[in-house]
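S.K.:
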Amino acid sequence: MKVTLSHIVMGAAACLAGAAQAETLDRIRDTGVVTMGVREASGTMSYTLGNGKYAGFHVELCEKALARMQQQLKLPRLEIRYQMVTAQNRVPLVVNGTVDVECGTTTNNAARQKEVAFAPTVYMEEVRTAVRKSSGITEVAQLKGRKVAATTGATAVTLLRRFSKEKGVDFNVLMAKDNAECFVLLETGRADACVADGQILASGLSRLRDPGQYAIVGEPFSVEPIAIMLDRKSPEFKKLFDAQIREMASSGEVAALYDKWFMKPVPPTGVAINLPASEATRAAWAAPRDKPLEDYVAVRLVVGRTQ
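Per mature numbering (1 follows the signal peptide of the UniProt record, and there is no 0), the sequence shown runs over residues -22 to -1, 1 to 285.
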């Protein structure tokens, strides 16, 4: 058989792909180190406590899953290194191997699955709208002509634009660099509303100077599977990590973690956001799966729904 340059290149690419598939698990075995992607301010799912410490439902879920993996792999040590990520760089950092597990508030959708993999979903999120009570806004249609803040890189931006196009409701979208800035824009009056994940809104409002001045209003823009991101080229690592999530869901450990982070006082404020698990979230606990948003038959836009 004639060997050409293209054959050599294709062969090299295949070797690299094979090496990449085992890279995450092999690297963890060899180094005893795993890098966890975390967020600065993503509600009670993933946030900083300062001094390099992070907390939240997804953060602790990842920590517990990794601890279980350490036992199964019989590793003498497993050091977790925390890497702060943003809505803009979280996918690239998983793709390039900087982050092994991203434990923030990322929607599992078909577009992202082309680049990364996701662990089974155990939290279903509603994208909602937060406003000042004095604004008089009680429905999303009343955003017409208003300034609406959303975090760059978040699915809320796409949902807002789709809603505007489908319903003919024109508003000015202000792009916040992160969730914290979204609340600053709302609190200072530069934005009339902040659109984000419901738990991010509930948590963020509880930390404002006068939480009683604000409310979450209107119908959800969507209901979405929020999941932990993994390297899609490392199927063995994903298989092992997924098994931990499913076992924790079936044992009731996931439900206990939810109660801890969403129904009880959380650090550093000692304030509970009191957000009971939705029916969709409880259904995810009963049957955790890694399917994207588009595969959820019952999950679709609530705003602008056609009968």
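From the three backbone atoms N, C-alpha and C, an ideal C-beta is built for every residue, glycine too.
Given that a residue counts as buried once 16 or more other Cβ atoms are within 10 Å of its Cβ, and exposed if not, what is Asn252?
M.R.: Flag for Asn252 reads exposed.
S.K.: With respect to the beta strand (DSSP E) encompassing Thr129, which residues constitute its N-terminal and C-terminal limits?
M.R.: Its beta strand (DSSP E) spans residues 125 to 129.
S.K.: So for Val173, helix, strand or coil by DSSP?
M.R.: Correct three-state label for Val173: strand.
S.K.: By the DSSP assignment, the alpha helix (DSSP H) with Arg224 in it spans what residues?
M.R.: Unbroken alpha helix (DSSP H) run through Arg224: 213 to 229.
S.K.: Checking the sheet assignment: what are the DSSP bridge partners for Met14?
M.R.: Met14 pairs with Tyr60, Val79.
S.K.: Are Ile58 and Met14 touching if we call contact CB-CB under 8 Å?
M.R.: Their beta carbons are under 8 Å apart, which means Ile58 touches Met14 by this criterion.
S.K.: With distances taken between CB atoms, is the gap from Phe149 to Lys122 smaller than 8 Å?
M.R.: Yes, the pair counts as a contact, with Cβ atoms nearer than the cut-off.
S.K.: If you draw a straight line from the C-alpha of Val100 to the C-alpha of Asp237, how long is it?
M.R.: One C-alpha to the other measures close to 13 Å.
S.K.: Just checking, does the segment 155 to 162 make contact with the segment 126 to 137 on the three C-beta pairs under 8 Å criterion?
M.R.: The segment 155 to 162, when compared against the segment 126 to 137, does touch it at the 8 Å Cβ threshold.
S.K.: Can you tell which of Ile204, Gly28, Cys81, Gly182 has its C-alpha closest to the C-alpha of Lys42?
M.R.: Nearest C-alpha to Lys42: Cys81.
S.K.: Taking Ala65 as the reference, which of Cys40, Arg46, Gln48, Ala19 has the closest Cα?
M.R.: Taking only the C-alpha atoms, the option nearest Ala65 is Ala19.
S.K.: Identify, in the order they occur along the chain, each residue of the same chain with its Cβ nearer than 6 Å to the Cβ of Ala193, setting aside the five sequence neighbours on each side.
M.R.: Lys111.
S.K.: Hey, how far is the Cα of Trp263 from the Cα of Leu235?
M.R.: Looking at the two C-alpha atoms, the distance is approximately 12 Å.
S.K.: Could you tell me the alpha carbon to alpha carbon distance between Cys40 and Leu164, rounded to whole angstroms?
M.R.: Using only the alpha carbons, I get a separation of about 31 Å.
S.K.: Can you tell me whether Ala45 is buried or exposed, with buried defined as 16 or more other CB within 10 angstroms of its CB?
M.R.: Exposed, since its Cβ has fewer than 16 Cβ neighbours within 10 Å.
S.K.: At which residues does the beta strand (DSSP E) containing Pro198 begin and terminate?
M.R.: 192 to 208 is the extent of the beta strand (DSSP E) around Pro198.
S.K.: Excluding sequence positions up to five away, which residues of its chain have a Cβ less than 7 Å from the Cβ of Thr129?
M.R.: Answer for Thr129: Ala65, Ala154, Asp156, Asn157, Cys160, Ala174, listed in chain order.
S.K.: Looking at the secondary structure, which residues open and close the alpha helix (DSSP H) in which Arg139 lies?
M.R.: Arg139 -> alpha helix (DSSP H) spans 133 to 145.
S.K.: Decide yes or no for the touch test of the segment 241 to 257 against the segment 67 to 79: beta carbon pairs closer than 8 Å, at least 3 of them.
M.R.: Short answer: they don't touch.
S.K.: Run through DSSP, which three-state label would Thr85 get?
M.R.: DSSP places Thr85 in strand when its eight states are reduced to three.
S.K.: By the three-class DSSP mapping on this structure, what secondary structure does residue 286 have?
M.R.: Look at the range of the chain in this structure, -22 to 285, and you will see that residue 286 is not part of it.
S.K.: What residue range is occupied by the uninterrupted beta strand (DSSP E) comprising Leu71?
M.R.: That residue, Leu71, is in no beta strand (DSSP E); its alpha helix (DSSP H) goes 68 to 73.
S.K.: If you run the structure through DSSP and keep just helix, strand and coil, what is Lys269?
M.R.: Coil at Lys269, not helix or strand.
S.K.: Could you give the uninterrupted runs of the beta strand (DSSP E) lying entirely in the segment 90 to 130, keeping only those of 3 residues or more?
M.R.: With a minimum length of 3 residues, the continuous beta strand (DSSP E) runs that stay inside the segment 90 to 130 are 101 to 110, 125 to 129.
S.K.: Taking the straight line between their C-alpha atoms, what separation do you get for Ala(-1) and Phe240?
M.R.: Any reading at Ala(-1) must be qualified, since the residue scores a pLDDT of 49, below 50, and its modelled position is unreliable; the value itself is stated next. Going from the Cα of Ala(-1) to the Cα of Phe240 covers about 36 Å.
S.K.: Tell me the rounded alpha-carbon separation between Glu117 and Pro198.
M.R.: Using only the alpha carbons, I get a separation of about 10 Å.
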